[in-house]
Amino acid sequence: MDMIDLRSDTVTRPSSGMRQAMAAAPVGDDQYGEDPSVNRLQDRIAELLGKEAALFVPSGTMANQIGLKVLTRPGDEVVLGHEAHIVWHESGAGAANSGVQFTPVGEGGLFTADDLAATYKPPGHIVFPPTTLVAVENTHNRGGGVVFPQSDAIAVAALAREHGMASYLDGARLFNAAVTSGRSLADLAAPFDLVSIALSKGLGCPIGSVLTGSREIIARAHRARRMFGGAMRQSGILAAAGLWALDHNLDRLAEDHAHARLLAERLAGLPGVELNLATVQSNIVIFRLAANMPDAAMIVTRAAELGVLVSAFAARTVRAVTHLDVTREECRRAGDLLAQVIARREL
Ligand SMILES: *Cc1c(COP(=O)(O)O)cnc(C)c1O
Numbered sequence: 000m001d002m003i004d005l006r007s008d009t010v011t012r013p014s015s016g017m018r019q020a021m022a023a024a025p026v027g028d029d030q031y032g033e034d035p036s037v038n039r040l041q042d043r044i045a046e047l048l049g050k051e052a053a054l055f056v057p058s059g060t061m062a063n064q065i066g067l068k069v070l071t072r073p074g075d076e077v078v079l080g081h082e083a084h085i086v087w088h089e090s091g092a093g094a095a096n097s098g099v100q101f102t103p104v105g106e107g108g109l110f111t112a113d114d115l116a117a118t119y120k121p122p123g124h125i126v127f128p129p130t131t132l133v134a135v136e137n138t139h140n141r142g143g144g145v146v147f148p149q150s151d152a153i154a155v156a157a158l159a160r161e162h163g164m165a166s167y168l169d170g171a172r173l174f175n176a177a178v179t180s181g182r183s184l185a186d187l188a189a190p191f192d193l194v195s196i197a198l199s200k201g202l203g204c205p206i207g208s209v210l211t212g213s214r215e216i217i218a219r220a221h222r223a224r225r226m227f228g229g230a231m232r233q234s235g236i237l238a239a240a241g242l243w244a245l246d247h248n249l250d251r252l253a254e255d256h257a258h259a260r261l262l263a264e265r266l267a268g269l270p271g272v273e274l275n276l277a278t279v280q281s282n283i284v285i286f287r288l289a290a291n292m293p294d295a296a297m298i299v300t301r302a303a304e305l306g307v308l309v310s311a312f313a314a315r316t317v318r319a320v321t322h323l324d325v326t327r328e329e330c331r332r333a334g335d336l337l338a339q340v341i342a343r344r345e346l
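When the letters of the sequence shown are read in order and numbered with numbering that gives the first Met the number 0, they come out as residues 0 to 346.
Laid out in structure tokens, this is it:
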């Protein structure tokens, strides 16, 4: 049976065009700064996002961990949205690597400058941990792929600057946010000191994220990457996939969003399903199962038996993500098959 794999936008396989670009990439030893493909990718991302410099790293998790490392000191407080990737999906690394503690604020992954102001703790206080970093996630994964409102991003980063805090943007899916909001990547990145983007999500690359910011912050990130074991050698083979994706896979992201909408509209309103269509803003569909329904693990198992792979995101929460390796027709079929599984209802 051909499975329709909607577990994540990370399950894509590099296309033959991408593989050819990787095979043909000019390379050198990146730790001598001599890999032309890596240098080109870093320059291109810095320019796209309107920053001075950029650094290619192996994963989005490492990008986030480097961000925490260079923008905080042990014992500091980091303010972010609820269910941030940094808190939920990085195996406790922020506490282990950088010794920071996290204070989630707001709702559904989003928050405002007022939320930040209400929890802000100044340096030098005798009992409070100093708030030295605010981190925004755009789009927000566990929030259902929602776009962080730009007016809030600007206000949050401005307040951070006023108080001497740093600001970080986890933009693993910033390309999706750009499509939905109609804003440029540079606009979305502008408020923040340091920004990450992922090549291995909607852009369909096998590996890679890029950090971008001022020359000074990227120089520090360079050292942290080495400390974390993420410095590579002829990594131009990987960077070439990113360069190819920027040319070929950016313009099609809107299709993924349309497919997610199709799937969400099929599922919203089914008895036993809680799905807020307002949160379906990009390529992610998250729905909850009512208390009288089978739990997420059971729905995932039954869907797999019919040929659809989705993720149990929490006990009663299921996530489906569209991407360049599933067609509109497959998303339509996945919706019908999931509806069939949900209609069975028996526990
Ligand atoms: C996927 C993701 C990451 C981490 O990327 P990996 O390459 O899987 O480590 C970070 N932040 C967000 C919001 C993500 O969705």
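Where a beta carbon is used, it is the ideal one built from N, C-alpha and C, also for glycine.
Can you tell me the Cβ-Cβ gap for residue i and residue j, rounded? I've got them flagged as a contact below 8 Å.
i	j	result
arginine 6	serine 310	5 Å
leucine 261	glycine 334	7 Å
glutamate 430	asparagine 63	Residue 430 lies beyond the residue range present for the chain, which begins at 0 and ends at 346; the question has no answer from this structure.
alanine 263	valine 279	4 Å
isoleucine 3	leucine 323	Incorrect: roughly 14 Å between the Cβ atoms, too far for contact.
leucine 210	isoleucine 85	Leucine 210 to isoleucine 85, Cβ: 14 Å. No contact.
Per DSSP, residue i forms a beta bridge with which residues?
i	result
glycine 80	Val104
leucine 132	Val77 and Ala165
threonine 211	Ala53 and Val194
glycine 388	Residue 388 falls outside the range modelled here, since the chain spans only 0 to 346, and no answer is possible.
aspartate 4	Leu308
histidine 139	Val145
valine 317	Phe286 and Ala311
leucine 109	Glu106
valine 272	Leu288
Could you tell me the alpha carbon to alpha carbon distance between residue i and residue j, rounded to whole angstroms?
i	j	result
serine 15	glycine 241	14 Å
glycine 93	isoleucine 206	22 Å
valine 126	glycine 74	11 Å
glycine 201	leucine 336	24 Å
threonine 347	lysine 120	No answer is possible for residue 347: the residues shown for the chain start at 0 and end at 346.
glutamate 215	leucine 276	42 Å
phenylalanine 101	alanine 134	10 Å
tyrosine 31	alanine 116	43 Å
leucine 305	alanine 220	46 Å
glycine 107	glycine 142	5 Å
asparagine 291	valine 146	31 Å
leucine 40	glycine 212	14 Å
threonine 9	glycine 203	7 Å
leucine 168	asparagine 175	14 Å
proline 35	glutamine 19	17 Å
isoleucine 236	proline 190	32 Å
threonine 316	glutamate 136	20 Å
glycine 271	alanine 53	46 Å
valine 194	arginine 224	15 Å
Span of the alpha helix (DSSP H) holding residue i?
i	result
isoleucine 298	295–304
arginine 260	252–266
alanine 239	235–247
threonine 118	112–118
valine 26	Taken as a continuous stretch (DSSP letters only), valine 26 belongs to no alpha helix (DSSP H), as it is neither H nor E.
arginine 182	Run containing arginine 182: none; DSSP gives neither H nor E here.
glutamate 329	327–343
At which residues does the beta strand (DSSP E) containing residue i begin and terminate?
i	result
serine 310	310–313
isoleucine 283	283–288
Which runs of the alpha helix (DSSP H) at least 4 residues long sit entirely within the segment 46–73? Give them in chain order. 59–70
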